[in-house]
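K.L.:
First the structure, which I've put down as structure tokens, then a few questions once you've had a look.
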Amino acid sequence: MAVRVINGGAIFRLSAASPPFAASRCCLHQHRTVQFHSSLRFSILRRCHYQLRFGYGGPAIRRLSAQSLVDMVVEELELLRQRGGIRASNRLELKSSEEIIGNKSGKLVLQKGLLLEFKKDPERVLLAVAQKPDGKKNWMVSDQNGVMTSIKPQQVTFIVPGANNFDHTEIADFIQRAQDNLDPALLEFAWIELVEKNESITVEDLAKMIFGSAEPLESYCAHLLLSKDDIYFTALETKGSSYVYGPRSGVQVEELVRRKHAKEVAEKEFEEFVKLLKSARDMPSNEKPPKSIWTSEEDYSMRIMSLKAYALDDCRSEDEKRTAGMILRAMGLAKTSAAAVNLLINIGYFPVHVNLDLLKLNIRTDHPEEILTAAESILSELPDLDKVDRKDLTHLKVYAIDVDEADELDDALSATRLQDGRIKIWIHVADPTSLVEAGTMIDKEALKRGTSVFLPTATYPMFPERLAMEGMSLKQGKHCKAVTVSVILHSDGSIAEYSVENSIIKPTYMLTYESASELLHLNLEEEIELRLLSEAAGLRLQWRRQQGSVDTSTIETRIKVSNPDDPEPLIKLYVENQADPAMQLVFEMMILCGEVIATFGSLEKIPLPYRGQPQSNIDTSAFAHLPEGPVRSSAIVKIMRAAEIDFRKPIRHGILGLPGYVQFTSPIRRYLDLLAHYQVGLQASAWVSLGVHVGDEVKVRVEEACPRDDILTLKEVLTS
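This note's numbering puts the sequence shown at residues 27 to 746.
Next comes the structure, spelled out in structure tokens:
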């Protein structure tokens with residue numbers, strides 16, 4: 027509870043714990059009204075206020091009864107009388123809003139010696155003394171900093187009443203005395219007095235009401251209280267430097283007090299957050315707090331997410347931008363995405379060498395827990411949906427050739443020479459569809475990802491890592507499920523015969539490109555199969571060139587970082603020449619497989635992702651002045667048109683020199699390849715009439731089609 031002695035009465039009110047407008051009022055009548063000088067009156071008000079006021083933290087130290095309060099005030103007044111500090115005055119009579127506004131319609135007139143307040147810029151107001159006119163309308167003023175400035179009349183926000191011949195050298199002292207006397211609680215007392223009568227008030231009247239005087243200092247103090255108040259009073263009218271204020275309603279004040287308290291709480295939480303940021307920033311790199319600390323609390327998480335979005339130039343709302351800007355400003359940083367990135371690195375949220383593109387593209391780096399659980403369930407059972415239809419090819423020598431750090435091995439090769447001299451090739455492709463059916467949870471997750479992502483710092487697989495590496499990948503010396511494309515070549519490199527079937531293989535060698543090239547160079551008799559593969563690759567390359575293919579072999583670089591989180595990571599650079607014999611061998615066999623699948627799909631009328639690329643009438647002779655090899659190839663690649671995909675029928679791939687092509691050899695790391703596997707391996711069980719054998723054709727009729735559920739209902743058509 028608080029109390030205010032004012033104009034011969036005392037006002038008691040409950041503190042912020044109860045709405046201020048619900049205060050009770052008790053008048054302690056005295057025989058006459060007294061008026062105090064401002065500084066002395068403050069002492070009385072403050073004694074009463076701080077001894078009786080209740081705050082958010084609970085009651086004050088002690089309570090005073092109304093009678094003890096009166097005794098205290100009388101005692102204080104007696105001391106003031108002895109010092110000659112009291113003068114009698116008439117009771118202040120407040121005028122209505124209409125009367126006050128009508129009296130404040132005069133035009134602003136400036137003259138030398140006036141003490142005034144003016145707006146220096148949108149953020150600052152200053153006190154100054156008018157010195158002399160500057161042109162027809164402007165005035166030269168000397169401000170509180172001793173600076174002479176020319177101002178326009180509309181910049182004036184307040185003229186201090188009664189300060190007509192003010193010395194500008196006394197402005198600083200005047201401001202200090204005003205600040206010493208400011209007590210926002212006085213506004214609340216005045217509001218309680220005025221809200222019941224719904225009366226308006228001017229600055230001078232408020233000065234008389236709470237200070238007992240409208241002298242320049244008291245009037246300026248009243249102006250400061252009102253101009254900075256956003257709770258109790260609102261400006262009803264402003265004309266020049268004259269203001270009329272009215273008390274807000276009790277409901278409005280209660281809501282504004284609530285908002286102010288909420289704002290103060292939010293500001294305190296923000297300050298604590300900034301302190302935590304600064305503390306984390308200043309810690310050694312090996313002592314940074316865990317990333318989870320920034321997401322454990324909702325407020326922290328929201329601010330960090332706003333800062334992250336700002337760092338990635340991906341703010342979805344103005345609130346995110348505003349929050350990030352506040353954080354950067356509080357940390358003394360520029361409002362730039364680079365500053366946000368560095369801050370997130372310095373607090374340990376981002377790794378030192380963060381890959382921003384990974385975040386900007388929203389690449390999925392982890393699999394959800396339910397996907398990992400489903401993958402483990404598959405690994406524990408290792409089903410084979412095509413077990414009864416697999417051909418045993420474990421007698422073949424099988425070469426798997428890839429880069430040395432490959433995590434997912436999804437293709438391998440075999441070859442032999444037939445008695446008629448032709449070469450037969452087997453292209454074995456890992457069979458993930460034997461474990462994962464279309465439309466299942468794991469398949470849908472792979473579809474969302476689209477591909478495995480290979481970065482210098484890490485690999486983010488399309489399938490869960492253990493499922494891809496232990497369940498799907500080909501392994502040396504192990505029985506592995508595969509889809510095998512076998513091809514017999516004519517002597518000119520064209521396809522003579524082919525087949526596509528499920529198989530079981532047992533990879534013999536896992537070779538890097540370097541080791542495979544070395545074996546080819548050694549020309550060992552015991553590795554005749556590898557030499558046959560190289561010979562077949564040469565025939566295929568020659569045949570494709572005759573079909574108009576364009577040589578696009580270039581030199582490519584790969585970068586691997588083994589310890590990306592270290593401030594000074596170990597970086598390895600690999601240079602790969604696609605014209606290398608082993609790379610050329612694998613390249614040609616993968617292209618051959620794609621041609622066979624396109625031919626098979628066209629013959630069987632299977633919808634597949636047929637890939638084509640127009641040649642754009644490329645005249646390679648225009649690049650004859652460039653050195654043959656990677657330089658010429660790079661120049662040609664730049665003018666090629668984009669690839670196209672048609673799911674209905676094969677389209678010509680002019681760059682490869684093929685009538686049709688389907689990517690098929692990377693189903694573990696590329697979803698379009700996996701889709702082709704689903705289509706090629708599509709099987710269904712059916713009940714048919716007696717006397718029909720495997721391989722017989724059965725005429726059926728479509729009974730029902732549900733595209734959304736991927737269900738097609740067929741019925742056998744019986745013939746008499």
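All C-beta atoms in this analysis are idealised placements derived from N, C-alpha and C, irrespective of residue type, glycine included.
Span of the alpha helix (DSSP H) holding F184?
P.N.:
No alpha helix (DSSP H) contains F184, which is instead part of the beta strand (DSSP E) from 182–185.
K.L.:
Would a C-beta distance cut-off of 8 Å place L262 and G272 closer than the cut-off?
P.N.:
The answer is yes: Cβ separation under 8 Å.
K.L.:
Compare the C-alpha of N190 against each of L559, K162, E241 and name the closest.
P.N.:
Comparing Cα-Cα distances from N190 to each of L559, K162, E241, the minimum goes to E241.
K.L.:
Under three-state DSSP, which class holds S575?
P.N.:
Three-state DSSP puts S575 in coil, outside helix and strand.
K.L.:
By alpha-carbon positions, which one of A360, P656, I427, H679 ends up nearest to R667?
P.N.:
Checking every option, the nearest Cα to that of R667 belongs to H679.
K.L.:
How many Å lie between S525 and V706 at the Cα?
P.N.:
Looking at the two C-alpha atoms, the distance is approximately 12 Å.
K.L.:
Straight-line CA distance for E395 to R475?
P.N.:
Taking the straight line from one Cα to the other gives about 16 Å.
K.L.:
Considering just the uninterrupted stretch of the beta strand (DSSP E) at P733, what are its terminal residues?
P.N.:
Looking at the DSSP string, P733 is not in any beta strand (DSSP E), and its letter there is neither H nor E.
K.L.:
Can you find the residues in the same chain that come closer than 7 Å, C-beta to C-beta, to L370, ignoring five residues on each side of it along the sequence?
P.N.:
Correct list, in chain order: L333, K334, A337, F376.
K.L.:
In terms of residue numbering, what span does the alpha helix (DSSP H) encompassing N549 cover?
P.N.:
Taken as a continuous stretch (DSSP letters only), N549 belongs to no alpha helix (DSSP H), as it is neither H nor E.
K.L.:
Determine the direct distance from the alpha carbon of E654 to that of S440, and round the result to whole angstroms.
P.N.:
Between S440 and E654, the C-alpha separation is close to 31 Å.
K.L.:
In angstroms, rounded to a whole number, what distance separates the CA positions of D457 and D699?
P.N.:
Cα-Cα distance, rounded: 11 Å.
K.L.:
Which residue wins for smallest C-alpha separation from C247, given the options P187, A306, K301?
P.N.:
Closest by alpha carbon: P187.
K.L.:
Does the segment 458–474 come into contact with the segment 533–548, if we say contact requires no fewer than three beta-carbon pairs (one atom in each stretch) closer than 8 Å?
P.N.:
Not touching, per the Cβ criterion.
K.L.:
Determine contact between the segment 352–367 and the segment 553–562, defined as no fewer than three beta-carbon pairs at a distance below 8 Å.
P.N.:
Touching, no.
K.L.:
Closer than 6 Å by C-beta to V462: which residues in its own chain qualify, once you throw out the five before and the five after it? Chain order, please.
P.N.:
Only I468, D469 meet the Cβ criterion.
K.L.:
Mind checking whether K145 and K163 have CB atoms under 8 Å apart?
P.N.:
No. Outside cutoff.
K.L.:
Check the C-beta distance from L384 over to G497 and give it rounded, since I have them as a contact under 8 Å.
P.N.:
With 8 Å as the limit, L384 and G497 do not qualify as a contact, their Cβ atoms being about 26 Å apart.
K.L.:
Please list the terminal residues of the continuous beta strand (DSSP E) segment that includes R637.
P.N.:
Looking at the DSSP string, the run of the beta strand (DSSP E) that includes R637 is 636–638.
K.L.:
Distance, Cα to Cα, Y486 vs I694?
P.N.:
Rounded to whole angstroms, Y486 to I694 spans 12 Å at the Cα level.
K.L.:
Assign N368 to one of three DSSP states: helix, strand, or coil.
P.N.:
The answer is helix: DSSP assigns N368 an H, G or I state.
K.L.:
Take I581 and list the residues in its own chain whose beta-carbon comes closer than 6 Å to its own, dropping the five residues that flank it on each side.
P.N.:
Closer than 6 Å at Cβ, skipping near neighbours: N603, P656.
K.L.:
Scan the segment 154–236 and note each continuous alpha helix (DSSP H) run of 4 residues or more that stays entirely inside, going in chain order.
P.N.:
Complete alpha helix (DSSP H) runs here, min 4: 197–207, 211–221.
K.L.:
Have a look at A233 and R274 and give me their C-alpha separation to the nearest angstrom.
P.N.:
Answer to the nearest angstrom: the Cα atoms are 19 Å apart.
K.L.:
Does A376 come out as helix, strand or coil in the three-state DSSP assignment?
P.N.:
Checking the sequence shown, residue 376 turns out to be Phe, not Ala. In the structure shown, F376 sits in coil (DSSP, three-state: anything other than H, G, I, E or B).
K.L.:
Of the choices V221, V229, Q157, whose alpha-carbon is the least far from that of T183?
P.N.:
T183 has its Cα closest to that of V229, out of V221, V229, Q157.
K.L.:
Answer yes or no: do L243 and R285 have a C-beta to C-beta separation smaller than 8 Å?
P.N.:
No, they are not a contact pair.
K.L.:
Name the two residues that bound the continuous alpha helix (DSSP H) containing R695.
P.N.:
Premise fails: R695 is in no alpha helix (DSSP H) and is neither H nor E.
K.L.:
Measure the CB-CB distance between T627 and Y687 and report whether it falls below 8 Å.
P.N.:
Checking the sequence, you will find Gly at residue 627 rather than Thr. No.
K.L.:
So, Y258 versus V277, is the Cβ gap smaller than 8 Å?
P.N.:
Contact flag unset, no.
K.L.:
How about the segment 587–597 and the segment 632–648: do they share at least three Cβ pairs that are nearer than 8 Å?
P.N.:
Short answer: they don't touch.
K.L.:
Is the beta carbon of D169 closer than 8 Å to that of A156?
P.N.:
Contact flag unset, no.
K.L.:
Y425 lies in the beta strand (DSSP E); which residues open and close that run?
P.N.:
Per DSSP, Y425 belongs to the beta strand (DSSP E) from 425–428.
K.L.:
Is V455 near V509, with beta carbons less than 8 Å apart?
P.N.:
The answer is yes: Cβ separation under 8 Å.
K.L.:
Shorter than 8 Å from the beta carbon of K470 to some beta carbon of chain B?
P.N.:
Of the chains in the structure shown, none is chain B; there is only one protein chain.
K.L.:
Any idea which residues DSSP pairs I671 with across the strands?
P.N.:
BP columns for I671 point to R637.
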